[in-house]
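Shown next, in structure tokens, is the structure this report addresses.
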Amino acid sequence: MVHAVDCHPVVNVEIASLGHIYPDNGGCLPYAGPSQDIALQMIQEKYQGTFNFSMRYVFDRKIKSCNELADNAVDLASNWWFKTRNRNSIPALIFPGIPEHPRTPGHVLITELDKYKADRWIVVTTHRDSIDNQNVIRNKTLSPTFVSVGHYNDGSYFDFYKAIVTTYAWRSVFILIDDATRVTYFASVGSIAASSLAEIPGQEVTVRHLQRPTAPLLQKALREFRSISRVLLFFGRAEGVRLLLINAFLLNMTDGEYVYITVENFLNAPLFGHLDWNYGDGDDEIARKAFPSLLVIRPVDYNDTLPQTSRLNATDISRRALVDYNLTLSVGNLPMPNVIASYLSVEIFAQVLNASLSLYGPASLRDGSHLTRMFINNTFKTDVGSIEIDGHGQRTVDLILSYYDVQKQTFTPFVHMSTKSAETRIMRDIIWTQGKPWPPPNRPACGYNGDSWNCGTKSSIGTFQITCQETSQFKGDSIRVEIAAVGHIYPDNSGCLPYTGPPQDIALEMIQRKYEGVFNFSVQYLFDRKIKSCNELGDNAVNLLAPWLFKPRNDKTVRALVFPSCTDPETFSLNQLASEHNLLMITSINNQNVIRDKKLSPTFISVSHYSDGGYFDFYRTIVTTFKWLSVFVLIDDSTVSQYYFIVSRIVVQSLSAILNQTVTVRHIEKPQSIQYQEALREFQSVSRVMLFFGRAEHARSLLVYITTENFVYPLFYGTIDWRYGDENDKIARDAFESLLVIRPVDFNENSPPGGAMDPAELSRRAL
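At position 35 of the sequence shown the residue is numbered 35 (the UniProt record's numbering), and the sequence of numbers has no breaks.
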């Protein structure tokens, strides 16, 4: 970085550092102040003759906590702005890392400082950024002068937790948050993890809070965890993690079947505790045996230790903390990432000022938005190494997942996530505890409680059926089974009875023959000729089902409900009705939030040939694999198939959760060329990847897109091909080279001739 030329007079710069002076958090002034003072001294020497820097600490002795500071942040800042600052100086505001709550200092300041002409200054923070705050920080229209150099941001945790559970197919997760700790970081990240996982279709997330981490309370939580999951995310201090593992060992829950994941933002910092099994007490041996069941999430940060060349000397920091803030801070207990982030906030701010003065002159120094843009997408060489600021003004620090290496007696990274691209990679194979295979399954073969019907056997359903048949023959009369098939008879959707009825009739004849003498099956189709669409069926499904459900019958009759893929059963509570009557409900609908919640739908089974969760994960994988950070989603509202609306909603939700991902969603009401042209013009201006959701012939006229094809039913979905025998065939043929198609892998697309599902027989029965 070159210095500004000498023709300019010395520029006065006043930095206000907002904070509180009581050491209840690693981001308070007694922790951040010493490193900022050292940085101020360094930049004064480095830019002598060009800039004259001064630092003013803005605090109130009556404010004794982060929460109180949040409530008074604007008053403190406005007092400095209007009363005490030097009007001839370049103003800047720096505030250190502070736990988030709805009115965190950063959140308040960046949303309210516009009252004080905030476009004329720049706000530099060392704090981490909560999900709520990120929506403010990353929105440069709302906060054009805000930059964060904190050594991590919560958005990366949001992506990383989601990536971990999807990578290892852990569909049920138990979250335990220790409310006793005064470090609000744990509750914040725990909430982020819960929100992140809840976005995954079909993901079961159970959240519990501890009033305090005692053995009885931990054992109670562990017993509940054992009954519903095998993956536990713990958010609390290190000693709480150790006590959790000790009690898990005592309950025989560290045998390789269970996974415990915690998060550690600072190594051995006093506010976070010492994450180790060796505490020198009577529980060390148990803790040592239990620790291999633990995984740890950490930010990748070179700042855990200081380079020898750095001006930021740990001994000097401790001395200044004692002299200036009356804080006894041993060298070994320094929260180095926060300390260094405070130093960096001052150092790189000076670098930006110097560059702006050199390139754009003195007037540019009073343009906070301009200075902020000089931070963005830039890499800075600093006294402690290089740091990178992303396109939203946030420092990028990657995350790693580590396992406990028994031989090395330390945690070893094996999963890495790039914060910038949100890409996750496996770094190495893991040696899991007690030689068990990695990863442990989401659900053990015998079920969470060991009560699964197929526990201990590898027999197939076919074998079970034969056994059932042989046993039933000794019981006299065959068992009567009544199946109710709810639907409507107008062919507006591939899930209506004219489509689903013929294969169900063929299946009924087959099972009657196969289980003759064991079961006596019958199917009753429940419909009303007045009901002409899926939506009308949704409004009347319960009324259709009620007469069949409540008609007198033999108590020994087995009942089941079959519901086609016409509309969502949750909208008219069929799943709850089936649950109340202990009625098996089999459907080809795929609402994973309903299907996978066995408390809400304990008798609900889906045989759908595709999974909403699969689309959620696959689209996410596609855009991250090919690094498509801007995606244009075009939805054809004219199609009669609800499938496109459902999948497009899932995809938008999936992509919107990716860090730094830009998703533009547009709808077309009619498949007309003019609407396509308008959409393509906008698409061209914002992206190069289009996701199209609509019929095949409508997609055919687009040039660059990704489309989704589900069923081979031209009536509802069209046939994806360039050959339509019209004047556009040649254009379409060339354009199809830009088309990618997503399809489910399903062997049932082509049934063998003469088989049970012979196409000719299906057509005959439909007629």
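Idealized CB from N, CA, C, for every residue including glycine.
- Using a 10 angstroms sphere on the CB of Lys162, the tally of other CB atoms reaches 16 or more, which defines it as buried.
- When Cβ pairs closer than 8 Å are counted between the two stretches, the segment 275-295 is seen to touch the segment 234-251, the count reaching three or more.
- A straight-line Cα-Cα distance of about 46 Å links Asp75 and Trp277.
- Sixteen is the threshold: when 16 or more other Cβ atoms of the shown chains lie within 10 Å of the Cβ of Pro144, as they do, the residue is buried.
- Check the Cα spacing between Phe59 and each of Glu678, Arg723 and Tyr325: the tightest is with Tyr325.
- Excluding residues up to 5 positions away in sequence, Gly273 lie with their Cβ nearer than 7 Å to the Cβ of Glu239 in the same chain.
- The three-state reading of DSSP puts Lys381 in strand, counting E and B together.
- Our two residues, Glu347 and Trp438, have alpha carbons roughly 45 Å apart in a direct line.
- With a contact defined as Cβ atoms closer than 8 Å, Leu508 and Val518 miss out at about 15 Å.
- In this structure, the alpha-carbon of Arg764 lies about 14 Å from that of Leu497.
- Ala187 is not a Cβ neighbour of Arg212, given a cutoff of 8 Å.
- Apart from sequence neighbours up to five positions away, the residues of its chain that approach Leu365 with a beta-carbon distance below 7 Å are Val11, Ile90, Leu353, Ser356 and Leu357, ordered along the chain.
- Setting aside the 5 residues that flank it on each side, Asn520 is surrounded in the same chain by Ser478 and Arg480, each with a C-beta closer than 6 Å to its C-beta; the list follows chain order.
- Contact annotation: the segment 165-176 touches the segment 192-199, with at least three C-beta pairs closer than 8 Å.
- With fewer than 16 other Cβ atoms from the protein chains shown falling within 10 Å of its own Cβ, Ser386 counts as exposed.
- Tyr515 and Cys446 have their C-alpha atoms spaced approximately 28 Å apart.
- Between Phe414 and Ile426 a beta carbon distance of about 7 Å is seen, short of the 8 Å cut, so the two are scored as contacting.
- Along the segment 224-291, the beta strand (DSSP E) occurs as fully enclosed runs of 3 or more residues at 231-235 and 259-263, listed in sequence order.
- Here the alpha carbons of Tyr47 and Tyr343 stand approximately 16 Å from one another.
- Straight through space, the alpha carbons of Ser345 and Leu322 are spaced by roughly 22 Å.
- Ala485 is the residue among Gln653, Tyr499 and Ala485 whose C-alpha sits nearest the C-alpha of Leu584.
- Fewer than three beta-carbon pairs drawn from the segment 69-86 and the segment 374-383 are found closer than 8 Å, and the two stretches are therefore not classed as touching.
- With respect to the C-alpha of Ile650, the residue from Lys408, Arg620 and Leu545 having the closest C-alpha is Arg620.
- The beta-bridge partner set that DSSP reports for Arg298 consists of Ile400.
- Under the Cβ criterion (8 Å, minimum of three pairs), the segment 661-672 counts as touching the segment 620-639.
- Contact check for Asn442 and Arg208: beta-carbon distance about 19 Å, past the 8 Å limit, so the pair fails to qualify.
- In the three-state reduction of the DSSP assignment, Thr166 falls in the helix class, which pools H, G and I.
- Going by DSSP, Asp636 is part of the beta strand (DSSP E) stretching over Ser630 to Asp636.
- Unbroken alpha helix (DSSP H) runs of no fewer than 4 residues, entirely contained in the segment 516-546, are not found.
- Membership of Phe82 in any beta strand (DSSP E) is not indicated, and neither H nor E is assigned to it by DSSP.
- Non-local beta-carbon contacts of Arg85 in its own chain, meaning distances under 8 Å to residues more than five positions away in sequence, involve Glu14, Ala16, Arg56 and Pro91 in chain order.
- Taking a C-beta distance under 8 Å as the contact criterion, Ala341 and Gly49 do not qualify as a contact pair.
- Between the alpha carbons of Phe692 and Asp729 lies a gap of roughly 20 Å.
- Under the three-state reduction of DSSP output, Gln407 falls in the coil class, being neither helix nor strand.
- Judged by DSSP secondary structure, Ser35 falls within the alpha helix (DSSP H) whose first and last residues are Leu29 to Lys46.
- Here the C-alpha atom of His698 lies approximately 15 Å from the C-alpha atom of Ser738.
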